[in-house]
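Chemist:
Number of protein chains: 2
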Amino acid sequence: MSPSTTTPALAFRPLYKQVVSLITRSLEIGEWKPGVALPSEAELAVRYGVSQGTVRKAIDELVSENLLIRRQGKGTFVATHNDPDSFARFLCLAPNDGKTRSVSNVPLACWRAKAGADVARHLGLEPGALVIIVRRLLRIGEDPAAFDEIYLPGGLFSELTMDVLNSAESSLYSLFESRFGVRAIRANERLRAVSADKVSAEALQVAEGSPLLLAERVTFTYGDKPVEWRRGFYSTRNCHYHNELG
Amino acid sequence: MSPSTTTPALAFRPLYKQVVSLITRSLEIGEWKPGVALPSEAELAVRYGVSQGTVRKAIDELVSENLLIRRQGKGTFVATHNDPDSFARFLCLAPNDGKTRSVSNVPLACWRAKAGADVARHLGLEPGALVIIVRRLLRIGEDPAAFDEIYLPGGLFSELTMDVLNSAESSLYSLFESRFGVRAIRANERLRAVSADKVSAEALQVAEGSPLLLAERVTFTYGDKPVEWRRGFYSTRNCHYHNELG
DNA sequence: CAGTGGTCTAGACCACCTC
DNA sequence: AGGTGGTCTAGACCACTGA
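Those protein sequences? They're chains X and Y, same order as listed. Residue numbering for the first sequence follows my numbering, starting at -18 and increasing by one per position. Residue numbering for the second sequence follows my numbering, starting at -18 and increasing by one per position.
#1: Please classify residue 114(Y): does DSSP put it in a helix, a strand, or coil?
#2: Does the separation of the CB atoms of residue 224(Y) and residue 3(X) fall below 8 Å?
#3: Does the beta-carbon of residue 113(Y) have 16 or more other beta-carbons within 10 angstroms, so that it is buried, or is it exposed?
#4: Please determine if the region 115 to 129 of chain Y and the region 63 to 83 of chain Y are in contact, where contact requires at least 3 C-beta pairs separated by less than 8 Å.
#5: Starting from the C-beta of residue 74(Y), find all residues in its chain whose C-beta is less than 7 Å away, skip the five residues before and the five after it, and write them out in chain order.
#6: Which runs of the alpha helix (DSSP H), 4 residues or longer, sit entirely within the region 19 to 102 of chain X?
#7: Which residue from 190(Y), 146(Y), 9(Y), 191(Y) puts its Cα closest to that of residue 205(Y)?
#8: Less than 8 Å separating the beta-carbons of residue 59(X) and residue 49(X)?
#9: Compare the C-beta of residue 71(X) with all C-beta atoms of chain Y and state if any pair is closer than 8 Å.
#10: The beta strand (DSSP E) that contains residue 124(Y), what's its start and end?
#11: Nearest-angstrom Cα distance between residue 199(X) and residue 62(X)?
#12: Please compile the residues from chain X whose C-beta is within a distance smaller than 8 Å of the C-beta of residue 222(Y).
#13: Pairing CB atoms from the region 135 to 142 of chain Y with CB atoms from the region 185 to 194 of chain X, are three or more of them under 8 Å?
#14: Which of helix, strand or coil does DSSP assign to residue 164(Y)?
#15: The ligand ADP and residue 48(Y): does the residue's C-beta get closer than 7 Å to at least one heavy atom of that ligand?
#16: Find the nearest neighbour of residue 182(X) within the set 169(X), 162(X), 218(X), judged by alpha-carbon distance.
#17: Who are the neighbours of residue 217(X) on chain Y, taking C-beta pairs under 7 Å?
#18: Start and end of the alpha helix (DSSP H) containing residue 182(Y)?
#19: Grab me the residues of residue 39(X)'s own chain with a C-beta within less than 7 Å of its C-beta, minus the 5 sequence neighbours each way, in chain order.
#20: My assumption, with CB atoms under 8 Å, is that residue 96(X) sits in contact with residue 109(X). Please give the rounded CB distance.
#21: Between residue 159(X) and the rest of its own chain, which residues show a CB-CB distance below 7 Å, the 5 nearest in sequence each way excluded?
#22: Nearest-angstrom Cα distance between residue 185(X) and residue 149(X)?
#23: How long is the line joining the alpha carbons of residue 13(X) and residue 156(X), rounded to whole angstroms?
#24: If we cut at 8 Å on Cβ distances, does residue -6(Y) have a partner in chain X?
#25: Go ahead and pull the three-state DSSP assignment for residue 2(X).
#26: Counting only beta-carbon separations shorter than 8 Å, does residue 125(X) have a partner in chain Y?
#27: Can you confirm whether residue 227(Y), when its beta carbon is compared against all beta carbons of chain X, has any partner nearer than 8 Å?
#28: Determine the direct distance from the alpha carbon of residue 169(Y) to that of residue 71(Y), and round the result to whole angstroms.
#29: Does residue 22(X) pass the burial test, meaning 16 or more other C-beta atoms within 10 Å, or should it be called exposed?
#30: Is the beta carbon of residue 146(Y) less than 8 Å from the beta carbon of residue 207(Y)?
#31: Pull up the DSSP beta-bridge partners for residue 10(X), would you.
#32: Quick one: is residue 43(Y) near chain X, going by C-beta distance under 8 Å?
#33: So residue 224(X) is in the beta strand (DSSP E); what residue range does that whole segment cover?
#34: Using CA coordinates, which residue listed in 106(X), 152(X), 151(X) is at the minimum distance from residue 134(X)?
#35: In the DSSP assignment, what residue or residues form a beta bridge with residue 169(X)?
#36: On the DSSP bridge assignment, give the partners of residue 316(X) in chain order.
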């Protein structure tokens, strides 16, 4: 893998970027499972035929993308949603008073349907393809905080049932990861303010017509492949959606 | 600046972190103004008595914090809100149809007042201190999209008047930077869904009671010093607030 | 103690921009 | 041609972890 043989004149691709690709591929095919340690930087350097510095730079990039986690003196680990650190990484809701409360997940329903045009587009499926729909309530402390309708591609989650949802003790992304081998990496969210319809008003125990925060989310796994489309209605009486602008 | 003399046993501080501090300080005191080029990495290495690699690592960090911008072959520049790249960096509103539209800023009012407990707390001022309050409308294309009430510490913006606001052609942060030497670096935002009161309904041309997105923002400059507290009401009929979760 | 990631250096060479 | 940032290397040493 010497630079001279792998870098055509017009599309220069640094060595460390190639190492990024190779490591990503290994993550993708499951060579290293979530939570386990990668080989040491020195070993990887030998494996890829580059210097340790180049491996470090590649890992730097993957750490900044939240695919890997470094722990000094221990090693470099594959990120996982089962970890306490990145447990509710995609949950932007927080109590107004700043006190931390337990978050609990209450599955309400789970059924199969054919994808409409909208859902199919967001999930990159053919219209009419099988999708699994999950309704659930999220409680923060005692308060019902979010009412979510979640659309999943049938091909990836075929074993998902109400029983499976009920047996899960942790977050949905954690369940997706350990039970279905689907790792959520990043997500795009769009927020709007809407009036509560009957169903969400009831679930969230607010008056029909109350203002709610509507969050529509597409979640991606490796290779920017969409694996979830979600509509969440957030009650912002006791909570808020927080965002850091950098 | 050898490591042995500058790193007490219990609080190890890497050299490059110290360089980060030194560069930040120079930015803070205005040694390098927004938009201009820093000395080359080699020059900085000499200046700080470290290797070029260490300077690079320091700059890497400042680039990732959006304080500096690298341009290969040209140099490293101080980030600025006047730049087309980072023009509306803190604006998360986008049209639903994805088409880009011009964003225009319509100042509505500007007056002085004494800070209430809330505002004082967010701005780190004494209650009763002088604050300047600005009301403005943001149009995206032709649509009124946001109605903002902005609280600024009187000490930093004493020259701010309606005339100044009207004469500004670009974003507010750009104005703060070039006219008042106050550089907005990052911000924390809290979102809620609320019902439109009379004033905001009128400004945004929606029915009173319509659901609106309320964004409360604290903006910080160097050293995590708060310089702005803002309440923005967003109409999400034609726009949405977008957020990327990594 | 040995193994891991983290820092720092010096030097070579490459890609990009401008004159 | 000469400057800038960007990549890559090899090697030394430091800080942290756990047996």
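Every residue gets a Cβ at the ideal spot worked out from N, C-alpha and C, and that includes glycine. For clarity, every value in this text was computed on a predicted model and none was experimentally measured.
Modeler: So, from the data block:
#1: Here residue 114(Y) is taken as the residue at index 133 of the second sequence, counted from 1. Here residue 114(Y) sits in strand by DSSP.
#2: In the second sequence, the residue the question calls residue 224(Y) occupies position 243. In the first sequence, the residue the question calls residue 3(X) occupies position 22. Here residue 224(Y) is not near residue 3(X), since their CB atoms are 8 Å or more apart.
#3: Position 132 of the second sequence, counted from the start, is the residue given in the question as residue 113(Y). In the assembly as shown, residue 113(Y) is a buried residue. Its beta-carbon has 16 or more other beta-carbons within 10 Å.
#4: Below 8 Å, enough C-beta pairs join the region 115 to 129 of chain Y and the region 63 to 83 of chain Y to call them touching: three or more.
#5: As a working mapping, residue 74(Y) is identified with position 93 in the second sequence. Once the five neighbours on either side are set aside, the close Cβ partners of residue 74(Y) are 121, 126, 127, 215, 220, 222.
#6: Correct list: 22 to 29, 33 to 45.
#7: If you number the second sequence from 1, residue 205(Y) lands on position 224. Closest option to residue 205(Y), Cα to Cα, is 9(Y).
#8: Start at 1 with the first residue of the first sequence, and residue 59(X) comes out as number 78. Start at 1 with the first residue of the first sequence, and residue 49(X) comes out as number 68. Taking 8 Å as the Cβ cut-off, residue 59(X) and residue 49(X) qualify as a contacting pair.
#9: As a first step, residue 71(X) must be located in the first sequence, where it is residue number 90. By this cut-off, residue 71(X) is an interface position.
#10: Here residue 124(Y) refers to the residue found at position 143 when the second sequence is read from its first residue. Per DSSP, residue 124(Y) belongs to the beta strand (DSSP E) from 124 to 134.
#11: Here residue 199(X) corresponds to residue number 218 of the first sequence, with the count starting at 1. Here residue 62(X) corresponds to residue number 81 of the first sequence, with the count starting at 1. Whole-angstrom Cα-Cα distance: 17 Å.
#12: Residue 222(Y) sits at position 241 when you count from the first residue of the second sequence. Neighbours of residue 222(Y) in chain X, taken as residues at a C-beta separation under 8 Å, are given in chain order as 171, 172, 173.
#13: At 8 Å Cβ cutoff, the stretches do not touch.
#14: Counting from 1 along the second sequence, the entry for residue 164(Y) is found at position 183. Coil, per DSSP.
#15: Absent from the structure shown: the ligand ADP. Ligands present: none.
#16: On the first sequence, position 201 is the one that residue 182(X) refers to. Comparing C-alpha distances from residue 182(X) to each of 169(X), 162(X), 218(X) shows the shortest one belongs to 218(X).
#17: Along the first sequence, read from residue 1 onward, the residue named residue 217(X) stands at position 236. The answer, in chain order, is 173, 174.
#18: By 1-based counting over the second sequence, the position of residue 182(Y) is 201. From DSSP, the alpha helix (DSSP H) with residue 182(Y) extends over 179 to 185.
#19: In the first sequence, the residue the question calls residue 39(X) occupies position 58. -3, 0, 1, 4.
#20: If you number the first sequence from 1, residue 96(X) lands on position 115. If you number the first sequence from 1, residue 109(X) lands on position 128. The beta carbons of residue 96(X) and residue 109(X) sit about 6 Å from each other, so the pair counts as a contact at 8 Å.
#21: As a first step, residue 159(X) must be located in the first sequence, where it is residue number 178. Hits under 7 Å: 63.
#22: Reading the first sequence from its first residue, position 204 is the one you call residue 185(X). Reading the first sequence from its first residue, position 168 is the one you call residue 149(X). Cα-Cα distance, rounded: 22 Å.
#23: The residue given as residue 13(X) occupies position 32 in the first sequence. The residue given as residue 156(X) occupies position 175 in the first sequence. Cα to Cα, residue 13(X) sits roughly 18 Å from residue 156(X).
#24: By 1-based counting over the second sequence, the position of residue -6(Y) is 13. No, no contact with chain X.
#25: Your numbering for residue 2(X) matches position 21 in the first sequence. If DSSP states are grouped into helix, strand and coil, residue 2(X) belongs with the helices.
#26: As a position in the first sequence, residue 125(X) is number 144, starting the count at 1. Not an interface residue.
#27: Start at 1 with the first residue of the second sequence, and residue 227(Y) comes out as number 246. It does: the Cβ of residue 227(Y) has a partner Cβ on chain X nearer than 8 Å.
#28: For the purposes of this step, residue 71(Y) is taken as the residue at position 90 of the second sequence. For the purposes of this step, residue 169(Y) is taken as the residue at position 188 of the second sequence. Using only the alpha carbons, I get a separation of about 10 Å.
#29: Indexing the first sequence from 1 puts residue 22(X) at position 41. When all chains shown are included, residue 22(X) counts as buried.
#30: To locate residue 146(Y), count along the second sequence from 1; it is residue 165. To locate residue 207(Y), count along the second sequence from 1; it is residue 226. The answer is no: Cβ separation not under 8 Å.
#31: Taking the first residue of the first sequence as position 1, residue 10(X) is located at position 29. Per DSSP, residue 10(X) has no beta bridge partner at all.
#32: Numbered from its first residue, the second sequence carries residue 43(Y) at position 62. Closer than 8 Å: no.
#33: Against the first sequence, residue 224(X) aligns to sequence position 243. 220 to 226 is the span of the beta strand (DSSP E), which, as asked, contains residue 224(X).
#34: What you label residue 134(X) is simply residue 153 of the first sequence in a count that begins at 1. Closest by alpha carbon: 106(X).
#35: As a position in the first sequence, residue 169(X) is number 188, starting the count at 1. Residue 169(X) pairs with 199(X), 225(Y).
#36: Residue 316(X) cannot be examined here, being either before or after the span of chain X that is shown, -18 to 227.
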